[in-house]
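Residues in the sequence shown are numbered consecutively from 1, following the UniProt record's numbering.
Glycine included, every Cβ here is placed at the ideal spot set by N, Cα and C.
Notes follow once the structure below has been shown.
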Amino acid sequence: MAFFYYIGIPLMTIEERYNFTWQGKARARQIAQTPSTGTLRPCKEESINWDTTENLFIGGDNLEVLKLLQKSYHKKIKMIYIDPPYNTGKDFIYKDRFDTSGRRHTNWLNMIYPRLKLARDLLSDEGMIFISIDDHEVVNLSNVCNEIFSEDNFVERFIWVSIKEPTGLIL
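Set out below in structure tokens:
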């Protein structure tokens, strides 16, 4: 309980609890629940060992694909690996600039939240998700993952130093 005082007189009492929130979170939740309008179509001519493979390679917008996979793969996936945009603000072949209107972290959170919610629904009870990220959004990613997957399910964070030009390398 929290008490608010005005010159020592209690004004009101409210329940408080920890909550990780940002502008647009309710909409991000809603996006995860909105059905996809797309369809998965097999492409046999681009496939190898079509009749015997047990693997899928799917090209498309990852949010729509995650929605399409829900019906056939709900709670069946053993492992998911994602490498989302790091929110560096640099130009790549994919969107990595979420800094419009001074809402850099908010926009990134609104992008990642529905994808992680849908990924969680695909994972089996023994399933694991591996996520690559850098320092730009690691704290926000950790908070979102704690909410979606439960911090009790967190296993480990691996950190490595990236060296652009290794020293002492003999070729």
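Per-residue DSSP class, three states only, for residue i
i	result
K78	strand
D125	strand
I163	coil
I112	helix
I131	strand
C43	coil
T106	helix
D152	helix
Q33	helix
L56	coil
Integer-rounded CB distance, given that residue j should sit under 8 Å from residue i
i	j	result
I133	L141	5 Å
E137	W108	6 Å
F130	Y81	5 Å
Environment of residue i [buried if 16+ CB atoms lie within 10 Å]
i	result
A32	buried
Y113	buried
A26	exposed
R17	exposed
Short Cβ contact (9 Å threshold) for residue i with residue j
i	j	result
L40	A119	no
F20	E126	no
W22	N110	yes
Alpha-carbon to alpha-carbon, residue j and residue i
i	j	result
N55	F154	27 Å
E156	S124	19 Å
M79	S36	23 Å
T52	D61	26 Å
E15	F57	48 Å
N49	G59	18 Å
C145	V161	23 Å
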